[in-house]
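The sequence shown begins at 165 in our numbering and counts up by one. Only one structure is covered here, and it is reproduced in the block below.
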Amino acid sequence: MSTLHVLSHSPFGNDRLSSCLRVIGANDALLLSGDAAYALQPGTAPFTTLQARSLKLFVLGEDAQARALEVPDWAKAIDYPAFVELSIHYDKVNSWL
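Set out below in structure tokens:
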């Protein structure tokens with residue numbers, strides 16, 4: 165069973181990202197939204213960790229743009245309609261609140 169994991173909190177204020185990465189499976193994907201997009205800030209521990217992982221990584225393009233973050237080539241920027249499509253594609257959606 166595949167899961168879309170959705171993070172919206174900054175990776176610098178809590179351990180949601182590391183907790184998510186411990187349980188994410190080979191058929192799962194990760195979507196960064198809101199302040200979770202800061203995980204794509206180059207030179208940070210979250211960036212390095214995500215870059216080293218071989219996982220399906222998405223970020224809401226609007227949130228990356230609002231935070232002046234470039235989306236690296238190993239992640240994919242999506243819009244809200246694509247977010248809806250992703251949530252339909254995966255068997256489950258897990259929001260890390």
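Cβ atoms here follow ideal geometry from the backbone N, Cα and C, with glycine treated the same way.
Per-residue burial, I245 [other beta carbons within 10 Å of its own, 16 or more giving buried]: Taking the first residue of the sequence shown as position 1, residue 245 is located at position 81. Note that residue 245 is Pro in the sequence shown here, rather than Ile. The residue in question, P245, is exposed, as its Cβ has fewer than 16 Cβ neighbours within 10 Å.
Hey, would you say the C-beta of A193 is under 7 Å away from at least one heavy atom of the ligand FMN? No copy of the ligand FMN occurs in the structure displayed, which carries no ligand at all.
Ordered list of alpha helix (DSSP H) runs contained in the region 192-242, each at least 4 residues: 209-216, 225-230
Three-state secondary structure assigned by DSSP to S259: To locate residue 259, count along the sequence shown from 1; it is residue 95. Correct three-state label for S259: strand.
Using only the alpha-carbon positions, how far apart do A203 and A228 sit? Here residue 203 corresponds to residue number 39 of the sequence shown, with the count starting at 1. Here residue 228 corresponds to residue number 64 of the sequence shown, with the count starting at 1. The straight-line gap from Cα to Cα measures roughly 10 Å.
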